[in-house]
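Shown next, in structure tokens, is the structure this report addresses.
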Amino acid sequence: MEGVVRDGASDRASGLGPRASASKQTLWHRLMRRLRPPRRLSFTREGRWLTFLALAIGVAAINTGNNLLYLILAWLLSFIIASGVLSEVTMRALAVTRRPPPQVFAGQPFLMEIAVENQKAGLASFSIEIEDLLDGRPLDKKCYFLKIPPGRTQRTSYRHTFARRGLYRFDGFRVATRFPFTLFRKSKDVEMASEVLVFPRVISVTRPPPAPRARGAGPSHRLGRRGEFFGLREWKEGDDRRGIHWRSTARTGRLMVREHEDELERQVTIAVDNSLPQRVIRALAAGERLREDAPLADAVERTISHAASLATAYLEAGWAVGLAARGARLPLGVGRAHLTRLLRELALLPVVTDETPVAELDPRHDRILCVPAEFGASGRPGADHVIHC
Amino acid sequence: MRFAQAHKVSSYLTVGSAYLALVSGGGVSPLIALLGMFGLIGSWFWEPPRVRVERWSWAFTALSLAALAWGVVSGVATGDYLGEGAGFLIVLTVARAFTRRAAKDWQQLYLLAFLMLVAGSVLNGDLVYGLCFLAFVVSTTWTLILFHLRREMEDNFLLKHADPRASERVEVRRILESRRIVDRRFFVGTGLVSLGVFVLATLMFLSIPRVGVGFLFRGKGGLNMVGFSDGVKLGGHGRLKHDATVVMRVQVSDPRLRGRNAPYIYWRGAALDFYKKGEWTRGKKSPETRSHIEYTGPNRQRHYLLGDGGQLNAEEMQSRRSHAVRQEIWLDPLGSDVLFGASQPVAFEMDMPLRRGRQAQWRNDEVRVPHDGSLHYTVWSEVEMPGAIDPEVLRAAEADNLPRHYDEAYLQVPPEITKRTRDKALEITAGAVTNYDKVVRLRDWLQSNMSYTLDLHDSGGQEPIHHFLFERQAGHCEYFASALAIMARVVGVPTRNAIGFLGGEWNEYDKYFAVRAGDAHSWTEVWFPGQGWVTFDATPPGEVDRLGRGDSGWRASFGRWLDTLRFQWSKWVIDYDFYQQLELFRGVGKRFKGGARSLRGGWNTIERWVIRRWPWLVGGAALLVAGVGLWWWQRRRRRMPGMDVRAPRTRERSELAMLYERASRRLARRGHRRDPSVTPRELARDLAERKVAGAAELAELTELYYAAAWGGLATDDMLARARTLVTTLDEVREPPLPHPRRGRSRTA
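Sequences listed follow chains Y and F, in order.
Read in the working numbering, the first sequence has 307 at position 307, and its numbers run on one by one without any break.
One rule links them: number in the working numbering = place in the second sequence (from 1) + 389.
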């Protein structure tokens, strides 16, 4: 989960979709949020009926002077007041938290766990609905809690799928209830900002055949678990715990791991062309809806997705994978931690114009260039394989 | 209590209380009321799986249609649209109770119950309605909360998200059978809520301004009661009954007139002057009631009865009231628009109806106000205390100074009065000089020679007074009053026949007289110049009031306590009006003012006390602030992340979860240990794929465990099933398998 979900403000703009929404968090939005009434109240069908009946009984009571009708009217009105008070009581002192899964991929459903703690000392909360707020709007999914006993926490989860990669900002929750009489739906927004990084969609891809010159041509710099002992270094996150050299660790007081020279020379750099024409970038920044240029934007997303899929495939096969793109570069690396770093880089990879070139690729490694099929941009490096997505 | 059972019980309480509120008023045909009751009781048992409800829905639709047709025809024929409509409502409710299936059927049942309650407010003004209303308020709070939860459950419950396969609904039936959702605390809590709703409704009821405008129609306020008839007709046969139904309640201001031993008061209502063929009516020539009107509110008037006197100024009006006995009267509907007051009323204060189309002319010092329902008004009366009027004053009154029309109205003797009656009157009064002496002689003669009976006897075509005086020589109060009035007229004394009530039962709980229908009485009023109309009662004393002040036994005492409740209900609900509301608010305002005054006094005392001891108080306050601050700081510190020093809450484990754990341990011993990353369902599926013995039992147990641990369900049936499954798993014999991971490393 580390590096994927962070509470607090975003430190970086996200990809195509999320970036547009993130840029909308303007002063106006913040002001509107401040001015928002603390509770929202909407009539249900039963509530409309009851209000109509109360009006009709009121008219009949005034007209006839029948005190029993006044009594019924008074009961209906106090019923409405009691409904408001009880719904307020049931919504009070609820702490809501969310727990997303460790990794979220675009186009893949995931389960978001929602936990509600009833912090009231002696009163249960009934019939609570929780909706996640994404960019100020509730998601189409909601979680329902029938009864939350006092001092207890209940959990449930909803299934959701993000269509695009990027950084998604959850503002908080909409806590709502129709308790106790289904007359009104009362809701309040609870602020609890957190972000979910959605990795590019990973699909099943076939790795291109290795370039002929890479096979055994150069010296081996690939470090793996097998092969010749290379040396010791300090343990860092993502390293296999089985490689810990306990004697050195005991001596130095720091976790040390063994490094081996890999038996196979398996290194690849995946380059991504993340460029779009200036007008498309401007339109995306302005939040406009793309029409003719929509295929271009989709092609870039496909390209990034393909690069992520390739990187995953290579890393799973034990290769060292590096990443190059316009305005971004990640050196060669192996292991799960590196895959996460790589996917994160791709998730947050912005689209730029082709004025920013892709960094030159090291000819000693395999080089794969992923480019959008619809867009012929300049500044692309040479590669062993060019994949049009 | 199981959820479904709780919902059903509370729903039936709601419908039942509304049904009782409607039928207990008597506005619905007894047959329909009885059938409705049996129908509602029968519908309790009419539900799946006992009956396939949908099969019979056509029958209840046909029944509803037939009831509608019958209601329309019967309504047109009898004109009682309200009663027929109420009957149709009952049939609809019963039909819906029999065909209830889904949430919307329950909803319609509640709506029908509400309509029954509204219809009951028109047809039933009795205390029983109030009790049913209280039951309705309490049960509706429960019902609607339970109904809300049930519907939300049916709409939302419960999506399983525990694995990647598509979400599916948990069977709602199992949740409806759960005992964990509504427990005793739930009922106590919602009971308190409904009590709060009732208190709030009461406050609102008292506060909503009473501004009746009647722009469409005035409702029928209640049902007419029996006991008093606006006229006197002698003759007929049968037996009069002592009806103890309370028709009027009176609070009297004068302490001499209150209590069980207080003198009996004549509650005068109508006065009749024209006698013909045994019937007393108001003649066309009878003088109109003259009154001076003082307006005390937008729709409220105070009428001062002038008799044959002149107009009054403000001082005289005040004087009249201050010398009179004030009475607050709550009058139930009697089928007459006449108002009652003690002895000789001098002023009436009441709300006047906005539309006066039906208002009758006021004659013979009567005051009449049309009212369909009960009425609350105030009367000031000059009450004749026994022996208060000096006979010499009455003897001295000038007999021949009659006001205009008085001779035509109050000296009228119909020609059918027999010569024997006339001669008898002359014979009795022979030698008497003054009108007073003549009337006293006649009264005494009647009391001495006639006897009192409640048995009516047909006069066989004879003039009724003649028959009473010379044939039967017995009769009830109307005979005595009529005979005195006519015989006095024969000898030239102006009289009229007054009708109303005498006495009443003293209610020791709320200090009022409960005047019953059986207290109806008739007496004679005799006019004396300068003194006005004076009451003479020819009915033998001791025979007049059989009902008396009421028994003192526990049963009568309980009856009076019930009547107090009825009176309070009538006073504060049925007859509660704008002026009562004003008085209430004034009273509350005075209480507040009084409270504020005493608070100010208390504050001054505290101020002096504080000034004397300020150094000690400052020190104490500083210590208190420091203590509270410390407590707050520690509390805040505890709440900071990572600073919670409280013991972690141990999760309660249900019996089902423990059974699952037992099965897991058993499986682990057999080599099927569940890794922490493997969910119970995945393990079950894995074992099933590998065709391990007991996999099917484990799969079923896993589902039960999920339902208990995450769905909050653990019924007795489920527990029993889980125990069986665990026992079966325990008995499965299988050679221990190598651990999968260990196995793989060996082959490697």
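By construction, the Cβ of each residue, glycine as well, lies at the ideal position given by its N, Cα and C atoms.
Asked: Please compile the residues from chain Y whose C-beta is within a distance smaller than 7 Å of the C-beta of Phe594(F).; Found: Tyr70, Leu71, Ala74
Asked: I'd like the span of the beta strand (DSSP E) that includes Asp140(Y), first residue to last.; Found: 137–148
Asked: CA-CA distance, Arg607(F) and Ser911(F)?; Found: Residue placement at Arg607(F) cannot be trusted, given a pLDDT of 43 that sits under 50; what the coordinates show is reported in the next sentence. Roughly 33 Å separates the two Cα atoms.
Asked: Which ranges does the alpha helix (DSSP H) cover as unbroken runs of at least 4 residues, wholly within the segment 289–333 of chain Y, from first to last along the chain?; Found: 294–316
Asked: Leaving aside the five residues before and after Leu341(F) along the sequence, list all residues of the same chain whose C-beta is less than 8 Å from its C-beta, in chain order.; Found: Absent from the model: residue 341(F). The displayed extent of chain F is 390 to 1137, so no value can be given.
Asked: Starting from Asn688(F), trace the beta strand (DSSP E) in both directions and tell me its first and last residue.; Found: Element bounds for Asn688(F): n/a, residue is neither H nor E.
Asked: Identify the residues that DSSP records as bridge partners of Leu197(Y): which are they?; Found: Leu167(Y)
Asked: In terms of residue numbering, what span does the beta strand (DSSP E) encompassing Asn545(F) cover?; Found: Per DSSP, Asn545(F) belongs to no beta strand (DSSP E); it is in the alpha helix (DSSP H), 516–545.
Asked: Who are the neighbours of Ile81(Y) on chain F, taking C-beta pairs under 8 Å?; Found: Leu589
Asked: Could you compute how far the alpha carbon of Leu264(Y) sits from the alpha carbon of Arg367(Y)?; Found: Unreliable positioning characterises Leu264(Y) in this predicted model, as indicated by a pLDDT of 45, which lies under 50. The coordinate reading is nonetheless provided below. Going from the Cα of Leu264(Y) to the Cα of Arg367(Y) covers about 17 Å.
Asked: Is Trp235(Y) helix, strand or coil by DSSP?; Found: coil
Asked: Please confirm whether Pro100(Y) and Ala124(Y) have their CB atoms less than 7 Å apart.; Found: no
Asked: In chain F, what lies closer than 9 Å to Thr182(Y) by C-beta?; Found: Leu533, Phe536, His537, Arg540, Glu541
Asked: Hey, how far is the Cα of Gly172(Y) from the Cα of Asp135(Y)?; Found: 9 Å
Asked: Would you say Asn688(F) lies against chain Y (beta-carbon separation less than 7 Å)?; Found: no
Asked: Give a yes or no on whether the C-beta atoms belonging to Asp956(F) and Asp908(F) are separated by under 7 Å.; Found: It should be noted that the sequence gives Phe, not Asp, for residue 956(F). No. Outside cutoff.
Asked: Tell me whether Gln750(F) is buried or exposed, calling it buried when 16 or more other Cβ atoms sit within 10 Å of its Cβ.; Found: exposed
Asked: Rounding to the nearest angstrom, what Cα-Cα distance links Asn650(F) and Pro180(Y) in this structure?; Found: 56 Å
Asked: CB-CB under 8 Å to Thr467(F), same chain, minus the five flanking residues each way: which ones, in chain order?; Found: Glu473
Asked: With H, G and I counted as helix, E and B as strand and the rest as coil, what does DSSP make of Leu1012(F)?; Found: helix
Asked: Once the 5 residues before and after Ile387(Y) are set aside, which same chain residues still bring their CB inside 6 Å of it?; Found: Cys370
Asked: Counting only Cβ pairs nearer than 7 Å, list the residues of chain F close to Phe126(Y).; Found: Leu538
Asked: Between Lys147(Y) and chain C, is the shortest Cβ-Cβ distance under 7 Å, so that the two count as touching?; Found: In summary, chain C is missing from the structure at hand, where the protein chains are Y and F.
Asked: By the 9 Å beta-carbon criterion, what residues does the segment 506–529 of chain F contribute toward chain Y?; Found: Leu506, Val507, Gly509, Ser510, Val511, Asn513, Gly514, Tyr518, Gly519, Phe522, Phe525, Val526, Thr529
Asked: Should the segment 848–855 of chain F be called in touch with the segment 796–815 of chain F, which here means at least 3 C-beta pairs below 8 Å?; Found: yes
Asked: So for Val1067(F), helix, strand or coil by DSSP?; Found: coil
Asked: Enumerate, from N- to C-terminal direction, the unbroken beta strand (DSSP E) stretches of 3 or more residues contained entirely within the segment 843–921 of chain F.; Found: 884–891, 894–896, 901–905, 909–917
Asked: Just grab the DSSP bridge partners of Ile128(Y) for me.; Found: Phe145(Y), Thr177(Y)
Asked: Compute the beta-carbon to beta-carbon distance between Ser127(Y) and His396(F), rounded to the nearest angstrom, for a pair I have assumed lies under 8 Å.; Found: Incorrect: roughly 14 Å between the Cβ atoms, too far for contact.
Asked: Count the other CB atoms within 10 Å of the CB of Asp384(Y); is the residue buried (16 or more) or exposed (fewer)?; Found: buried
Asked: Pick helix, strand or coil for Gln836(F), following the three-state DSSP scheme.; Found: helix
Asked: For Met741(F), name the three-state secondary structure that DSSP assigns.; Found: coil
Asked: Can you name the residues of chain F whose CB is closer than 7 Å to the CB of Gly39(Y)?; Found: Residue identity differs from the one stated: residue 39(Y) is Arg in this sequence, not Gly. Simply none; closest approach about 19 Å.
Asked: On the three-state DSSP scale, how would you describe Gln394(F)?; Found: helix
Asked: How would you list, in chain order, the residues of chain Y whose beta-carbon sits under 9 Å from the beta-carbon of Val586(F)?; Found: Trp75, Ser78, Phe79, Ile81, Ala82
Asked: Under a Cβ-count criterion, where at least 16 other Cβ atoms within 10 Å of its own Cβ denotes burial, should Val993(F) be classed as buried or exposed?; Found: According to the sequence provided, residue 993(F) is Asn. The question's Val does not apply to it. Asn993(F) is exposed by the Cβ-count criterion.
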